[in-house]
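Data block below; observations after.
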Amino acid sequence: MSSVIVEQFTPPAGPPTMLGTTPLPRRRLDATGLVMPWAADAATGTRAEILARDFAGIAPPAAPEEFTVEVTGIRDETPAMFTLVLRRTDGHPFTHRAGQFVRLGVPVDGPDHEPVDRCYSVSSSPVLSVYGDPSTFTVCVKKVPGGRVSTWIHDELTIGTVLEAQGPLGSFHLPDVDRRARYLLLAAGAGITPVLSMVRTLAALPGPVNAVVVYHCRRPGDFAFADELLDLAARTPGLTVQLSLGSGTPTDAPDWNFATGRLCADTLSTLVEDACGRRVFACGPPGYLSVAREVAAAVGVPRNAFREESFNDATTSVDVSPTEPVDTGLTVPPMPTVPDGAAPVTATGTTTVTFRRSGVTVDVPDGDTLLDAGRRAGVPLRSNCGNGVCGSCAVQKLTGSVHMTHNGGLRQREVDAGKILLCCSRPDGLSPTLELDC
Ligand code: FES
1 MSSVIVEQFT
11 PPAGPPTMLG
21 TTPLPRRRLD
31 ATGLVMPWAA
41 DAATGTRAEI
51 LARDFAGIAP
61 PAAPEEFTVE
71 VTGIRDETPA
81 MFTLVLRRTD
91 GHPFTHRAGQ
101 FVRLGVPVDG
111 PDHEPVDRCY
121 SVSSSPVLSV
131 YGDPSTFTVC
141 VKKVPGGRVS
151 TWIHDELTIG
161 TVLEAQGPLG
171 SFHLPDVDRR
181 ARYLLLAAGA
191 GITPVLSMVR
201 TLAALPGPVN
211 AVVVYHCRRP
221 GDFAFADELL
231 DLAARTPGLT
241 VQLSLGSGTP
251 TDAPDWNFAT
261 GRLCADTLST
271 LVEDACGRRV
281 FACGPPGYLS
291 VAREVAAAVG
301 VPRNAFREES
311 FNDATTSVDV
321 SPTEPVDTGL
331 TVPPMPTVPD
341 GAAPVTATGT
351 TTVTFRRSGV
361 TVDVPDGDTL
371 LDAGRRAGVP
381 LRSNCGNGVC
391 GSCAVQKLTG
401 SVHMTHNGGL
411 RQREVDAGKI
421 LLCCSRPDGL
431 SPTLELDC
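Residues 1 to 438 in the numbering used here are what the sequence shown lists, from first letter to last.
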């Protein structure tokens, strides 16, 4: 690491405090459920009083926007993960929902070249300020052996570096209002980052907590934030944190006194008897998520109660949850419609679309997404969220026009340069042909 942290993020000791006040003791609040400060009008009685008194300064989450951030701190969490402390340079508050991510433009090729975009989950809580500064937040970066961007961040990034940013992004987040608020939070490795933001938030807000965290890593030293999570669990009735070594007890850590074993239905149903009645958030690498999906289904979790987020080196953290909304909570307000043409979508004709690099040409009904059409024609196309958020399906449009409505997956300068997101772009019927650089 070429730089040192200049400020430390210190988890609040004792009851969480906001704006210099002390929340009422949790036991005085009988109402169940979860209400975020920006949805306080959904609360009644004591909860409404607490939210109005102690969280009045919390701004509601904004729609995705572009801004710049200055790196004000860097801290190693484990040998394979570190925290970046980021402050908006415009001084505006950074707002988000617990579990969302931001996209950072990383200048790996120098300041004169286009930055490389990567997505990082926000680890700080939207209801607790970092250093008392509403414009400051934290993200976590996983060091990937041989990973170009994470290596650059680790080796080259210094305090004071200014990065392009976009966010908040993603629909993998706690709801604004949830009358049941029973959660099962599954995380593996660096997947703990959005879960940490959720746990910090649940522990800080007024009202009973009913959440179980099951956190898997390969080695004892891989558990980031374990002390903080265990401390929050000890101080928060209703919050349980289970650490588990997926590979069993290692010979070099015979004193490991937490759980061992991979995630499986037997273990989960023993640990969480009412798992089927909980909203599940799962975050980790793709292999872990496929297991989590199967295990959740095996213990009776309905598909629409299961949310997941995956990460890899190219896109550190992207939402891959089903696109249908969950039954409570709000989704991210969509970015304004970005038509690349003046007319609304028509579904009455077809457009001849050429995927130039693949050498495939196909007639596409004007209402179909280009992602669906390309895949039907056998074109190998990358995608992840399917919802215009993550940016993984971005391609360059060479000729023709489309109708695109995205949720923050492209920066405006990329749209201006002719980039489109295949998952949320359709032929608009204004040009008979369309050529794509993929
Ligand atoms: S798949 Fe995520 S933006 Fe298209």
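No residue lacks a Cβ here, since even glycine has one placed at the ideal position from N, Cα and C.
- Beta-bridge partners of H216 (DSSP): A188 and S244.
- Under the rule that a run must span 4 or more residues, the alpha helix (DSSP H) segments found entirely inside the region 17-98 read 45-54.
- Boundaries for S310: no alpha helix (DSSP H) harbours it, while the beta strand (DSSP E) harbouring it runs F306 to S310, taken from the DSSP string.
- Q166: not part of any alpha helix (DSSP H); member of the beta strand (DSSP E) spanning V162 to L169, first to last residue.
- Judged by beta-carbon spacing, V85 lies beyond the 8 Å limit of V141, meaning their Cβ atoms are not closer than that value.
- By alpha-carbon distance to R375, the top candidate from D428, G57, V389 and V353 is V353.
- Spatial neighbours of A39 in its own chain (CB-CB distance under 6 Å, excluding positions within 5 residues in sequence) are listed in chain order as D176 and V177.
- For the pair G105 and L174, the CB atoms are not nearer than the 8 Å cut-off.
- Fewer than three Cβ pairs drawn from the region 256-263 and the region 155-162 lie within less than 8 Å of each other, which leaves the two stretches out of contact.
- With 16 or more other Cβ atoms from the protein chains shown falling within 10 Å of its own Cβ, R278 counts as buried.
- Beta-carbon to beta-carbon, V122 and V139 are separated by about 6 Å, close enough to satisfy the 8 Å threshold.
- In the structure shown, H406 falls within a coil segment according to DSSP collapsed to helix, strand and coil.
- DSSP places I153 in the helix class (H, G or I) of the three-state scheme.
- Beta-bridge partners of G284 (DSSP): S310.
- DSSP lists F101 as the bridge partner or partners of S121.
- The Cβ atoms of G418 and K397 sit closer than 8 Å to each other.
- Between P168 and S135 a beta carbon distance of about 14 Å is seen, past the 8 Å cut, so the two are scored as non-contacting.
- In terms of side-chain proximity, the C-beta atom of L421 is found nearer than 7 Å to a non-hydrogen atom of ligand 1.
- For R426, the enclosing beta strand (DSSP E) covers residues S425 to P427.
- For E435, the secondary structure class from DSSP, reduced to helix, strand or coil, is strand.
- For ligand 1, no non-hydrogen atom lies closer than 7 Å to the CB of S171.
- Taking a 10 Å sphere around the C-beta of G91, we find fewer than 16 other C-beta atoms and assign the residue as exposed.
- Contact check for R97 and P61: beta-carbon distance about 5 Å, within the 8 Å limit, so the pair qualifies.
- In the three-state scheme derived from DSSP, where H, G and I count as helix and E and B as strand, L268 is classed as helix.
- Between the alpha carbons of P64 and G408 lies a distance of about 6 Å.
- In chain order, F67, V69, F94 and S135 place their CB closer than 7 Å to the CB of R88, counting only its own chain and leaving out the 5 sequence neighbours on each side.
- Residue pairing from DSSP places D178 in a beta bridge opposite L34.
- In the three-state scheme derived from DSSP, where H, G and I count as helix and E and B as strand, A233 is classed as helix.
- Using a cutoff of 7 Å, the CB of S383 counts as near ligand 1, since one of the ligand's heavy atoms is closer than that.
- Between the alpha carbons of S247 and G221 lies a distance of about 13 Å.
- Ligand 1 has a heavy atom closer than 7 Å to the beta-carbon of S392.
- A distance below 7 Å between beta-carbons, with the five flanking residues on each side excluded, links P432 to the following residues of its chain, in chain order: T351 and T352.
- Counting the other Cβ atoms within 10 Å of the Cβ of D54 gives 16 or more, which makes it buried.
- Annotation: the continuous beta strand (DSSP E) that includes D363 extends over V360 to P365.
- Residue range A394 to T399 is occupied by the beta strand (DSSP E) that includes A394.
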